[in-house]
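**Student:**
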Amino acid sequence: MSDLRLGVCYYPEQWPESMWQADARRMREMGIEQVRIAEFAWSRMEPSPGQYDWGWLDRAVETLAGAGLKIVMCTPTATPPKWLIDAHPQILAVGADGRTRAFGSRRHYDFSSPEYFEAAGEISRRVAERYGQHPAVSAWQIDNEFGCHLTVLSYSQHAVQRFRQWLAKRYGTVKALNEAWGTVFWSMEYRTFDEIDAPIGTVTEAHPAHRLDYRRFASDEVVRFGRMQVDIIRERSPGRAVVHNFMQLFSEFDHYALAAHLDAATWDSYPLGGLEEAWFDAETKARWLRTGHPDYASFNHDLYRGMSRQPFWVMEQQPGPVNWAPWNPAPLPGMVRTWSWEAFAHGAGTVSYFRWRQAPFAQEQMHAGLNTPDDQIDLGGHEARQVADEIALLPATLAQPRGTVALVFDYASKWLFDIHPQGADFNYMRFAFEYYSALRSVGLDVDIVPQDAPLDGYRLIVVPSLAVVSEAFASRLAQSDAQFVFGPRSGSKTESLSIPSNLPPGALAASMPLRVWRVESMRPNATLDVNYHGKPGTARHWREFVDLPADASVLSTYPDGGAAMIRHRNLLYLASLFDEATTRAVMHDAARAAGLAVEQLDDGVRLARRAGLTFVFNYGESSYAVPPDATLVFGDGQVGPQQVSVFRPAASRVELNQDAASVAAS
Amino acid sequence: MSDLRLGVCYYPEQWPESMWQADARRMREMGIEQVRIAEFAWSRMEPSPGQYDWGWLDRAVETLAGAGLKIVMCTPTATPPKWLIDAHPQILAVGADGRTRAFGSRRHYDFSSPEYFEAAGEISRRVAERYGQHPAVSAWQIDNEFGCHLTVLSYSQHAVQRFRQWLAKRYGTVKALNEAWGTVFWSMEYRTFDEIDAPIGTVTEAHPAHRLDYRRFASDEVVRFGRMQVDIIRERSPGRAVVHNFMQLFSEFDHYALAAHLDAATWDSYPLGGLEEAWFDAETKARWLRTGHPDYASFNHDLYRGMSRQPFWVMEQQPGPVNWAPWNPAPLPGMVRTWSWEAFAHGAGTVSYFRWRQAPFAQEQMHAGLNTPDDQIDLGGHEARQVADEIALLPATLAQPRGTVALVFDYASKWLFDIHPQGADFNYMRFAFEYYSALRSVGLDVDIVPQDAPLDGYRLIVVPSLAVVSEAFASRLAQSDAQFVFGPRSGSKTESLSIPSNLPPGALAASMPLRVWRVESMRPNATLDVNYHGKPGTARHWREFVDLPADASVLSTYPDGGAAMIRHRNLLYLASLFDEATTRAVMHDAARAAGLAVEQLDDGVRLARRAGLTFVFNYGESSYAVPPDATLVFGDGQVGPQQVSVFRPAASRVELNQDAASVAAS
Amino acid sequence: MSDLRLGVCYYPEQWPESMWQADARRMREMGIEQVRIAEFAWSRMEPSPGQYDWGWLDRAVETLAGAGLKIVMCTPTATPPKWLIDAHPQILAVGADGRTRAFGSRRHYDFSSPEYFEAAGEISRRVAERYGQHPAVSAWQIDNEFGCHLTVLSYSQHAVQRFRQWLAKRYGTVKALNEAWGTVFWSMEYRTFDEIDAPIGTVTEAHPAHRLDYRRFASDEVVRFGRMQVDIIRERSPGRAVVHNFMQLFSEFDHYALAAHLDAATWDSYPLGGLEEAWFDAETKARWLRTGHPDYASFNHDLYRGMSRQPFWVMEQQPGPVNWAPWNPAPLPGMVRTWSWEAFAHGAGTVSYFRWRQAPFAQEQMHAGLNTPDDQIDLGGHEARQVADEIALLPATLAQPRGTVALVFDYASKWLFDIHPQGADFNYMRFAFEYYSALRSVGLDVDIVPQDAPLDGYRLIVVPSLAVVSEAFASRLAQSDAQFVFGPRSGSKTESLSIPSNLPPGALAASMPLRVWRVESMRPNATLDVNYHGKPGTARHWREFVDLPADASVLSTYPDGGAAMIRHRNLLYLASLFDEATTRAVMHDAARAAGLAVEQLDDGVRLARRAGLTFVFNYGESSYAVPPDATLVFGDGQVGPQQVSVFRPAASRVELNQDAASVAAS
């Protein structure tokens, strides 16, 4: 059995039992080894309060297992049935508009509801007891896509009460809270924790520290809820991996914190829907319409790989057009294969397609599957079969990839800058992605890591922005001789969302002795011209006014002479956000300074290295030439559009790469 | 008396009684024969609960009748008075946001409120009893513009209770409902009808079948409410036409279903406000700013003519600038006359202007009338007088027009695609209009008909899209030798808003054996190039991937080779939506294939034929030459901008037209 | 002591007491003479109900006074503490969406709440009694920025009850109200005042007269609330000026009415944030990004000067970037000085910076101060010091400026046109500003006055639009021989928001005998070409169709020949809104006709005259040459970008100016 495995998501409850057998057989024929089931089946497991019906699920499990499939069983807690909601209406979450959400779709529950905590625990126990020891059950998924449809935050009375307890625990006394937050401003001082409400409905913006703590609290509630289920399952299903399927570029709760309790992080990969829903401008969306952005999936791969104890999975892989984005284009032929191989190249253990067959009814009827609703194999199904065949061409065991560059990604920074953007288009996620994309476009392999990750072994560490630079991070940084690149607003806040007493970059100033004494945010139509190594570029979104140490060198200036890029020893500080070409040049040079080999890739071409193999992916329209001295594992030497090739580089090139440090110059 | 009649909307309660006499006289002088009154006068009819005051209305009726005017009396149920609302606050509808709507404008009632059903019946009975047999009362309007200001849907407890009953009647058992909807998806299964709420407030989209049935239910409620009034009036006012004034391009309830209970369909024609509020882009809105789009009014004429037992009316004709669109331009001189004649040419029996005199107070004070607030005749008044004079130039009796082309328009398709658009700009109404406009631009007369209409006698039948193709329609189609043109998504859904088991085009596949195995929606900035008969064009909004029969011919392909237009025998299937010129060319060729004479008209010129006469309307800036052998009835031989001419074609040309089939080629 | 004084806003409660002494000393060193304190300090004055803590404030006052600073003490009523809200939740206002606003920011109170009226009075009495007679307390500010964050309107039960009383007082009988409003329209008639609700939540727009009266009522409530505090303070702090800090271009209540009770009007000047939040297009916002629009601050200066008994103040002057606009750029070096001097040139007595030091916590932590959070003098601080030095170069006593042009600004017109805009982009404030800007760009000094102001002494009176022309105004106009310029929609409404019986321009027709019989609003992409004195221009937004007297001259026409600009004796009527260049030319010529000297200024250069001195401000990029025969007081003879110069013109030029009338021609 290979380290690489294909899976699929299947809903036996949605199809006549008479189809199950053939479905299972055809899955196997397609090269699928694993099937996820039951994450939305509560109303079939427990059609009425306390009346369980396991018969159908038993038969489904036996049918699938009988065909040789491994099963990923799920807790069905993303969709509590109507009778449960009617019995406990307080389960429903409350929106920022004060309205209680309604039954009729999914995720209609409040993480802070004690009634739901109990009910979700009970159904989890029941499922775990029933199937926990079944030999075909190889893994568990808890719930489904925590936070989907913006369900992390609720403003119910339950949530507010738990928030007060959370605050009391965090601050001890309300006096400490008043001081930490700075509630003296605008007479917002509290006399007891019970006076504190949710930070909504205010006349103008609520207190930023209040908002930040509410988001922290809500994130902790998600983790608490997930952990409850993990514990229940571990006890009843020993030896099986417990996982959750995270979402792409989703940051409403601290994924590191939940992943710490899981065996593997998995995520749901929808490159086309993701492109359409993200911050990209219309031109970029049209450019990558039917392929997805070449760095979109891999950003998530590299992020989830970093937080996953076992090799991460793609739990749901887009197999064709989806139904939920503003526009829903069809992937170009070859892209389902490309996405699948890209996941494996970045370290995935499993790629599981969503879903086996397009359902002809309900909300997702326009969401493609590997098979069409009339049970013909769709394009995605054919490509999955091809991937299964190609897996056999690779060694059965593949070491996990390891990046030469670390990119520090921090959920709290996202929340801080959401709360205090200062400019309408300041978007932490976007900027982190732009740095990542620049690194990838020069052929680098990147690990995405939290700020408390060990940084040993990385030659280049890129920090798009780190709102709160901890003393611990600052001290690890001081001891490192790697190259560092910091984006603007690093160290600009304290834990309580205040400005550090020494001004930004706060604790970072120990190594990078700057003083950011003023900032401005910029309109999209009022960028500033800059120049980097003789090439014109633009500074956008954000500008910092910086006092710098005498021994710093200024690599780029604003039109008024202010420093826009500052190098101080092994640290590069970017006092703005730059256009794509400039960012790419900066990252290129930083990598060279770090002794890393770089390669200017054509637009749309990306490389990934795993276990001595190099994978080439072509999202664009040009063609990539595999080095003539390389050994092709599969694919063509000229990697055309929407194609994948895998090769083993000639030994000399590997060495060249490793020795690049000795010839690199900044 | 001519078949063509002018009318006006008049509000005696809004003016000093001393003005009534002169108003009535001046109406007659302007050539007006009919006056609509009292549709908003409830607070004057019944100033306090149960205390009726008919004196003023009696005097108004006598004054108008005395001047020789026929009266269209109204039920005043669009504006229940404050005392009624205060007595029964449950009359107010509830919005999708859960908020109860307030008194203070109009249409503040819930069609499902039993209190209002009773109160509206009672006032209708009172008015009908008082004026039902008055010799001057020639017709009745029930209520006013059902659904205006988006008032079809209410989410009150009353509505939800009636919805449950409606569901119980439709499905019999909740099991049948669960199966039809597919509630197993996301554990949305219901155990009783009482568990089912309105499909609002959900975390993500509510179940599409649930939403569709709610719209069907709400449509039925409107029909039920209207029919109640129709029955009351018929009983008390025998021999008078009972009508309702529908709105332009309004589709929130099934107009065919209500019209079936009426003697005539009437509609309110505001070409400039309509243009401004519709989907047209800014450039198109500027292009037709002061004329309206040349196909806008006529689309409505052709639609309402089709559902009207007696000749349809324009109940309210825009007489000058209105007040309710984002911008409110003034019609160019000549347009009020043009719009009036266009209505008659398309079969209207009455054109009634809204309103006699601009009111200087309240919400509509910036809405022009035939007279200015200081009682001078406004431009619209002068043009109305001209129309009255021109009516005298025509035969007194004019047969109804009959189109050579049928365009199938289907309210349910609008709802289905609203609920499941799949692309943010998918708009059934827009696409139906584009097909209609293409047909009109090549000089064709079009009947707009429901899918259950007889299709006999049409040489060309155009179906912009028919979400659910019934077996009955499919079988009539199979027996027809007319030319058919189908737009995309035809046959793409079942009655329960699912995908047909044979995939789209569902039942249509019996005649058009396609298999639409994939679709994609397209961003506005990512259209696809196509080519039709050597001319480049673009496919927009929507693309289908189609398996086709061997004997089909592909008339146009996508860049990847997929079929974009498919002909199979007498059926043409369009697998996308195309630019204006391509759509026009397609319709041109389809008409030729059907043996219809076509004429490439200049932008803005439109022709309509009624009773052997040809009417020319010029919305544009060029000039149209009446054939030299024609007999002019009125107007110039060169029809200039904003002008109308009517001519009787030479007999030879009429024959040529009728024989065109013999020479037509596809 | 000079007539010109610098001040600062300071929050002792936000800083360690240990810093106060140094802060006070450094203020004095910076040239600051006055300090505003305590407007948000309620929770420190009264930490618990009825428990007052004055100790800290006593010490702060003594520290500041001890350094020689004068104190502007405030009532802290903009931020009631949490305990007060919890005790009386009805204090919170209710939004148009029916939701009660929450505690947690500021201005969370309802002007109509009797509980808050009492509580605000009580705390005001307490503060006034404590500090009213303190020798260092030189002035009082009541509350803070009435209406900020759109808090004028509340829809609470308290507000509705008081609204009914207000209506009863205004109309006497409900019959009179029904007649004045015209409620017969749509059966909106009321039988008692108690039937009348707030004009919200209606199905379509609520009655315009209802909406207008609600706004009038709400404005009166603000004045009532403010006056209550003024009375309390006057009684307890005799001899001190009582002021309020108004906002820039804010029109939600009648500022003239509140100012009538104050000793001085003060306002808060944030030119960059204001630019970003106002109606300007993106290009204009980018053009003046770091300077503000050259007429933005001065419009406010000239407005507030007119309503202020004593010289007006800038209570809060932007000192650097702010935090609250969509984008927050940094002012160019020199702009803080420029803004300060511009205030003085326009008649300010005090310019007070907001704030002394940037607070590192809470909502406004990204709002600059004169000092950075780490207590270094920021750019703004250095410029303030420069201003203080320059003040010493001017005479100690400076007469107030007096404009040669009066621009009539009318809050009620704003409300009327907000309620009935007729075109989506009709914006009274914008159009008033455009006229003002045109006048300023030709070097004129403008007084902004209410319509009941005496007009004696002005040679040119410009009325951007005056919705309701009173008989009194019409009669003063008839007796004046000044030149008048009226914008469109003047005289277009009555007090009850109806159309005048003689049509617009209503009472103005006595002097300007027009009849505006039709209007149209225009899309932004459908402007009309016009021509003024041979130069092409465009008419935008609005067009009127006008009957004119035989002796009128038409200065410009629309493409269809209609009159676009009409002169009748000393009155010029503009029947549209025009592009910037055309408006400028019109104002130029009107000024010449009025005998005023005009000077075509480069884009961004502005002049202001006070007490025989001419002040030059350069917002642009060119350079302005001071006349060679002038005497420079300070600044350069060539006034460069972001520079200020002050000069005393040669006597001959002053005379030339005064005699210009004799040579002016229209």
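Residue numbers (the working numbering), protein chains in the order written: chain A, 1 to 666; chain B, 1 to 666; chain C, 1 to 666. Note that the Cβ used here is the ideal one computed from N, Cα and C, for glycine as well.
Taking any Cβ of chain A, which residues in the stretch 177-207 of chain B have a Cβ under 8 Å from it, in chain order?
**Tutor:** Those residues of the stretch 177-207 of chain B that come within reach of chain A (Cβ to Cβ, closer than 8 Å) are Trp181, Gly182, Thr183, Val184, Phe185, Trp186, Ser187, Met188, Glu189, Tyr190, Arg191, Glu195, Asp197, Pro199, Ile200, Gly201, Thr202, Val203, Thr204, Glu205, Ala206 and His207.
**Student:** State buried or exposed for B:Pro628, treating a residue as buried only when at least 16 other CB atoms are found within 10 Å of its CB.
**Tutor:** Classification of B:Pro628: exposed, given that the 10 Å Cβ count is below 16.
**Student:** Can you tell me whether C:Ile499 is helix, strand or coil according to DSSP?
**Tutor:** Correct three-state label for C:Ile499: coil.
**Student:** For C:Arg107, which residues in chain A fall below 7 Å Cβ to Cβ?
**Tutor:** What C:Arg107 touches in chain A: Val203.
**Student:** With 16 other CB atoms within 10 Å as the buried threshold, where does A:Gln600 fall?
**Tutor:** By the neighbour-count rule (16 or more Cβ atoms within 10 Å), A:Gln600 is not buried but exposed.
**Student:** What residues of chain B sit near A:Pro76, judged by a beta carbon separation below 9 Å?
**Tutor:** Near A:Pro76 (Cβ distances below 9 Å), the residues of chain B are Ser187.
**Student:** Kindly indicate which three-state DSSP category B:Arg240 falls into: helix, strand or coil?
**Tutor:** In this structure, B:Arg240 counts as coil in the three-state DSSP scheme.
**Student:** Return the residue from the list C:Pro114, C:Ala630, C:Ala67 and C:Glu145 that minimises the CA-CA distance to C:His88.
**Tutor:** Out of C:Pro114, C:Ala630, C:Ala67 and C:Glu145, C:Pro114 has the C-alpha closest to the C-alpha of C:His88.
**Student:** Please name the residue, chosen from A:Lys535, A:Ala563, A:Asp579 and A:Asp551, that lies closest to A:Arg518 on a Cα-to-Cα basis.
**Tutor:** Of A:Lys535, A:Ala563, A:Asp579 and A:Asp551, the residue nearest in Cα terms is A:Ala563.
**Student:** Decide if B:His293 is buried, meaning its Cβ has at least 16 other Cβ atoms within 10 Å, or exposed.
**Tutor:** Result: buried.
**Student:** What do you reckon, are the CB atoms on B:Ser340 and B:Met315 nearer than 8 Å?
**Tutor:** Going by C-beta atoms, B:Ser340 is not nearer than 8 Å to B:Met315.
**Student:** Applying a beta-carbon distance threshold of less than 7 Å, which residues of chain B neighbour A:Gln14?
**Tutor:** Per Cβ cutoff of 7 Å: Val184 and Phe185.
**Student:** By a C-beta neighbour count over all protein chains shown, 10 Å radius and 16 as the cutoff for buried, is B:Thr173 buried or exposed?
**Tutor:** Exposed, because fewer than 16 other Cβ atoms sit within 10 Å of the Cβ of B:Thr173.
**Student:** Quick one: what does DSSP say B:Tyr10 is sitting in, helix, strand or coil?
**Tutor:** Reduced to three states, the DSSP call for B:Tyr10 is coil.
**Student:** Using beta-carbon positions only, say whether A:Phe634 and A:Glu390 come within less than 8 Å of one another.
**Tutor:** Yes. Within cutoff.
**Student:** Buried or exposed, going by whether 16 or more other CB atoms sit within 10 Å of the CB of C:Thr183?
**Tutor:** Under this definition C:Thr183 is a buried residue.
**Student:** In whole angstroms, give me the CA-to-CA distance for C:Ser496 and C:Leu212.
**Tutor:** Straight-line Cα distance between these residues: approximately 8 Å.
**Student:** Here's the rule: buried if 16 or more other CB atoms are within 10 angstroms of the residue's CB, otherwise exposed. What is A:Gln479?
**Tutor:** Exposed, by the Cβ-count rule.
**Student:** Determine, for A:Gln21, whether the minimum Cβ-Cβ distance to residues of chain C falls below 8 Å.
**Tutor:** So no, A:Gln21 is outside the interface.
**Student:** For B:Thr338, which residues in the same chain have their Cβ closer than 7 Å to its Cβ, ignoring the five residues on either side in sequence?
**Tutor:** Taken in chain order, the residues that qualify are Phe617, Gln642 and Val644.
**Student:** For a test of the three-state rule: what should DSSP assign to A:Ser662, helix, strand or coil?
**Tutor:** Reliability fails at A:Ser662, whose pLDDT of 39 lies under 50, so the model's placement of it is uncertain and the value that follows must be treated cautiously. Three-state result, A:Ser662: helix.
**Student:** For B:Val463 versus B:Lys493, is the C-beta distance shorter than 8 Å?
**Tutor:** No, these two residues do not count as a Cβ contact at 8 Å.
**Student:** Closer than 7 Å by C-beta to A:Gln658: which residues in its own chain qualify, once you throw out the five before and the five after it? Chain order, please.
**Tutor:** Confidence at A:Gln658 is low in this model, with a pLDDT of 47, below 50, so its placement is unreliable and no value can be given for it.
**Student:** Show which residues of chain C have a CB atom less than 9 Å away from the CB atom of A:Val519.
**Tutor:** Ordered by position in chain C, the residues that pass the 9 Å Cβ test against A:Val519 are Pro321, Asn328, Ala330 and Met366.
**Student:** Start and end of the beta strand (DSSP E) containing B:Met587?
**Tutor:** Note, B:Met587: premise wrong, no beta strand (DSSP E); alpha helix (DSSP H) at Glu580 to Ala593.
**Student:** Is the stretch 69-78 of chain C touching the stretch 124-143 of chain C, taking contact as three or more C-beta pairs under 8 Å?
**Tutor:** With the cut-off at 8 Å, the stretch 69-78 of chain C and the stretch 124-143 of chain C touch.
**Student:** Please confirm whether A:Trp15 and A:Thr63 have their CB atoms less than 8 Å apart.
**Tutor:** Contact flag unset, no.
**Student:** Count the other CB atoms within 10 Å of the CB of C:Ala664; is the residue buried (16 or more) or exposed (fewer)?
**Tutor:** Any answer about C:Ala664 is weak, because its pLDDT of 36 lies below 50 and its placement is not dependable; what the coordinates show is given next. It is buried - the Cβ of C:Ala664 has at least 16 other Cβ atoms within 10 Å.
**Student:** Which same chain residues, not among the five before or five after C:Pro199, have their C-beta less than 8 Å away from its C-beta?
**Tutor:** If we look at C:Pro199 and ignore the five residues flanking it on each side, its Cβ neighbours are Ala206, His207, His210, Arg211 and Tyr214.
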